[in-house]
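Here's the structure, in C-alpha cells; my notes come after.
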Amino acid sequence: MSKKMEARRVLDDIEKNHNNSWYVELYRRNSKNLDDIALLYRGTKVSYKEMFTKMNKYAKSMKQLGINVGDEIPICMSNCPELIYIIGAASIIGAKFNIFGDAFDKDYITEIINECRCDVAFIEDNKYKKLEQSINSTNLKKIVITSLSKSLPSNCNLDNSIDKNHKCLFVDKSEEYSKKSNKNISIGRFEEISKEYTGNIKDYFYYGNLNEEFSITYSSGSTNSSRPKAIVHNVRSFITMGRYHDKEVSGSASMKNFVVEALIPTHSNTDIICGISDSLMQGSKLALEPIYDKDFLLDSLNFYGTNYVTATTSFWVNIAKQIKYNSKYKDIKLPNLLVPFAVGERLSMGEEKFINSALRKAKAGTKFIPLPVSPVSISVAGGDCEHGGIFWTLFRNYQNLKPYCKNSNHEHGLGYFNMVETAILDEKGNLCEPYKLGRLVANSPCTMKCYKNNEEATNKFFVIDSSGKTWADCNVYGYKDANGYVFMKGRIPETKDSIPMFIIKDAIEKDTKNIMSCEPIEDNESNLIIAHIEFQPNRQKNIKFIMQSVENRCVKILGKSVSSKIVFRIRNYNESFPLTGCGKRSINDLKREGLTEKCFKPLITNNDVLFINGFEYLEALNNTNKHEKK
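Under my numbering, the letters of the sequence shown match residues 576 to 1205, in that order.
Spelled out as C-alpha cells, the structure:
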C-alpha cells in the first residue's frame, strides 16, 4: 500500500471511529489500563482511574460555576496534575482552554482574559501577584487559585528534596490569596463545589467532535515575546497526532508505561500536544515538571527516571556541560533516558557531537540497550506550534530500512508522518526540484485553524502556490533530498536583500571538531554581521589557528564581499548564549548587544593571525569603502 493510500486509510478511520471529544478518546484508549500509573508528580502517583475521576469532579465544579459548552477558559499554570484535570474537565463539558504565560505584556493578559468571555479563570498562586493588576481589569467573576503544593505527597520534605532551591514555589498560597477578594477561591474549595452539583452525568457530559476548537496556546515569541500570537487548534489536531503515534501506524515501539516528562511551558502547543496529550494517549506515565530551568532539568530527569523528554537544543547543550564538567554530576548515570528529543531550534552537528559524548558518559538508555552497544543518541524533530508538531524522527534515521546517512558526515533530514504533505516552493510558488533551496510549506490535519483575532497574520501564514493550492507556511528555507527527507536551513529574512544567516552559519560550523555552534546576527547600526561563536570545550586555547581556518573558509565559501562584513564574538563556556523564556537562543538579545569591544576580526598576514577590535575594523572598512567610491 502506498504512503498516500495508507494515510487516507488512517484518516478515514479517525473520521469514522474517533469523531469525538479529547476526553472520550483518552478514556477509550485507556479503559483497559485504568489501574496503571498516569501521572507522576514529586513522588505522587495518580492512576488513570484516579485521573478520570478527578476530571469528572472538576467538570461538575465547572458546571456549577456556570461554565458551558463552547466557553473559553483562561488558564495561567505550570505543569502539575491540576492542569491535567482542568483540561480533561473542559473537554467533558465541551469547553475549550486558553493557556497564556505570566511573562506576557500586562495589558495583553487583560485582553486575553476579556476576549475569552468566560466568568472563571484558573491562576497558579506563584503567578497571581504578577497578574493581579491585569486580572483586576477584567470582567472575571471567579478566580480559582491553584497551587503546585496541592498534589505533593503528604510526607514531602522540601528541604530534603530536589526542590530545596525552589521550595518557595511549592508553598501553598491559594488560601491566603482566596481571602483577598470575594472573587477568589482556592483550588481545594473549587474541588468541593463538585458536591453541590445536583445534575447527573447526562446534564454535563459533551460527546464532541473533531472539528470543534479545543485549545488556544501561543507561539514561542521569538519575534515578540510580550505579545506572542494566539494559536487555535481543533480537537482533530490532538486526536490525529495521538493516532499517528500508535505503533501500528508510526512503526515506532510502544510508549506504554514509558515515563514521559512534560517540561516545556504550558502556553506552548508543543507541551500540550506532544508532552501531555500524546503521552496519555499512549498509556505512558506522564511526569509533570513545573520548574523550567536549564540548570534544573538534569536533576529532574534523574529524579523521575525519565525515558522520553522534549527540550530545546540549548537546554540539551547545558545538560551536556553539566554531565561533563560539573563536579556535582560527575558520576550521574541516565540509564532510563531512551529518547532525548531536541526541538525548537536547529541542532548543529557540533552540538550533536558534544551532546552525544555527554550521553555516552552518562550511559544513556543502557537499561534498554545494554553495553557494549552504544548508548542512545540525541533525536531531533522539526515543526512548530502552528503545525502541531508535524515532523517526527524518533531515533534519528534508524527507522529507515536503508539508512543513507549511516557512517557518513551527511546531515540527517527529517522524516514525517504519512498524513503530512510537504513541499519546497520557489519565489514564484513553483515546486522545487530535489536539493533546490526554497520556502518550506506543509499541510496536515494537525495544522492550526487560525491565529485568534488576527486575520492578517492568519492570511499571511497560509500561502498559495502557482497551481492555486493552499499551504501552511513554515517560514523557513529548506530543501528535500531525493528520498523525500526535509532539511530545514533557517528562517527566511524579513527583507529580500538580507543575506540568509544560515549560509554563514553553515560555513562556520563545518569545523565540528573545534566549533560547537554559531549564531550570525545582522547589526543594523554598523551594517556588519556579528557571528557569535561557541567553541567546543577545551578548544579555545587554539583560537588563532581555529579563527584562521574560519576566516579562510568564509572567504572561500561566501566570497570576499560577504566575508568582509563578518566580525566574530566568542562566547565562553560560562557565558554561552542568552535564552528566551521558552528556552531557545535569544536572537533579539544578541541583536540588542550589537557591536561591542568583545567583537574582533582576524587579519591573516604572512601566515600569522592578528585580531583587530571590531570598532577599529569597522572604521577601517568604512574608510576603504569611501576611498573605493571616490
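In this text, a Cβ means the ideal position worked out from N, Cα and C, and glycines have one as well. Note that the coordinates shown come from a computational prediction; the quantities given were computed from them, not determined experimentally.
Of the residues VAL719, LEU1103, LYS1024, LYS702, the one whose Cα lies closest to the Cα of ARG764 is VAL719. By the beta-carbon neighbour count (other beta carbons within 10 angstroms, threshold 16), ALA828 is exposed.
A straight-line Cα-Cα distance of about 38 angstroms links ILE612 and ASP680. Note: THR1180 is bridge-paired with ASP1183 in the DSSP secondary-structure output. For PRO1095, there is no enclosing alpha helix (DSSP H); the enclosing beta strand (DSSP E) covers residues 1090-1098.
In this structure, ILE806 places its C-beta atom within 8 angstroms of the C-beta atom of CYS960.
For the 8 angstroms CB-CB criterion, HIS741 and ILE866 form a contact.
Annotation: GLU927 to GLU1094 spans about 16 angstroms, alpha carbon to alpha carbon. Here LEU872 is buried: its Cβ has 16 or more other Cβ atoms, across all protein chains shown, within 10 Å. The C-beta separation of MET816 from ASP853 comes to about 6 angstroms, placing the pair in contact by the 8 angstroms criterion. Note on the region 764-837: whole alpha helix (DSSP H) runs with a minimum of 4 residues are 776-779, 810-819, 822-825, in chain order. For ARG811, the number of other beta carbons within 10 angstroms of its own is at least 16, and it is reported as buried.
In the structure shown, ILE894 adopts helical secondary structure according to DSSP, grouped into three states.
With a cut-off of 8 angstroms on Cβ pairs, the region 1042-1050 is in contact with the region 1011-1025, counting three or more such pairs. For THR845, same chain residues with a beta-carbon under 8 angstroms away, outside a window of 5 residues either side, are ILE839, THR885, VAL918, GLY919, CYS960, GLY964 in chain order. Close CB contacts of LEU946 within its chain, under the 8 angstroms cut and outside five residues either way in sequence, are with LYS938 (chain order). For the region 614-656, the continuous alpha helix (DSSP H) assignments of 4+ residues that do not extend past its boundaries occur at 623-639, in sequence order. Minimum Cα-Cα distance from SER795 among the listed residues GLU1172, ASN1163, GLU1168 corresponds to ASN1163.
Here the alpha carbon of ILE930 sits roughly 10 angstroms from the alpha carbon of MET924.
Looking from the CA of PHE878, the closest CA among ILE737, SER889, GLY826 belongs to ILE737. Each residue's CA atom was taken as its position, placing SER790 and GLU1097 some 36 angstroms apart. PRO915 is bridged by DSSP to VAL884.
Within the same chain, Cβ atoms closer than 7 angstroms to the Cβ of LYS717 are found at LEU640, ASP694, VAL695, LYS758, ILE760, the five residues on either side in sequence being excluded. With respect to the 8 angstroms criterion, CYS651 and LYS702 are classified as neighbours on the basis of their beta carbons. Ranking PHE675, ASP646, ALA670, ASN689 by CA distance to the CA of SER843 puts PHE675 first.
When the beta-carbon positions are compared, ASN673 and GLU647 come within less than 8 angstroms of each other. LYS671 carries a strand assignment under DSSP once its states are collapsed to helix, strand and coil. In this structure, the straight-line span from the alpha carbon of GLY618 to that of LYS1044 is close to 51 angstroms. Cβ neighbours of ASN689 within its own chain (closer than 7 angstroms, five residues either side excluded): THR713, ASN714. The C-alpha of TYR602 is placed about 15 angstroms away from the C-alpha of ILE668. Annotation note: the region 1008-1078 contains the following uninterrupted beta strand (DSSP E) runs of length 3 or greater, listed N- to C-terminal: 1013-1018, 1037-1039, 1045-1055, 1061-1066.
Proximity of the region 1150-1157 to the region 1132-1141 falls short of the contact definition, fewer than three beta-carbon pairs being nearer than 8 angstroms. Pairing GLU836 with THR881 gives a Cβ-Cβ distance under 8 angstroms. Rounded to the nearest whole angstrom, the CA to CA distance from GLU657 to LYS1159 is 27 angstroms. Ranked by Cα distance from ASN643, the options ASN608, ILE684, CYS691 are led by CYS691. Per DSSP, reduced to three states, the secondary structure at ASN592 is helical.
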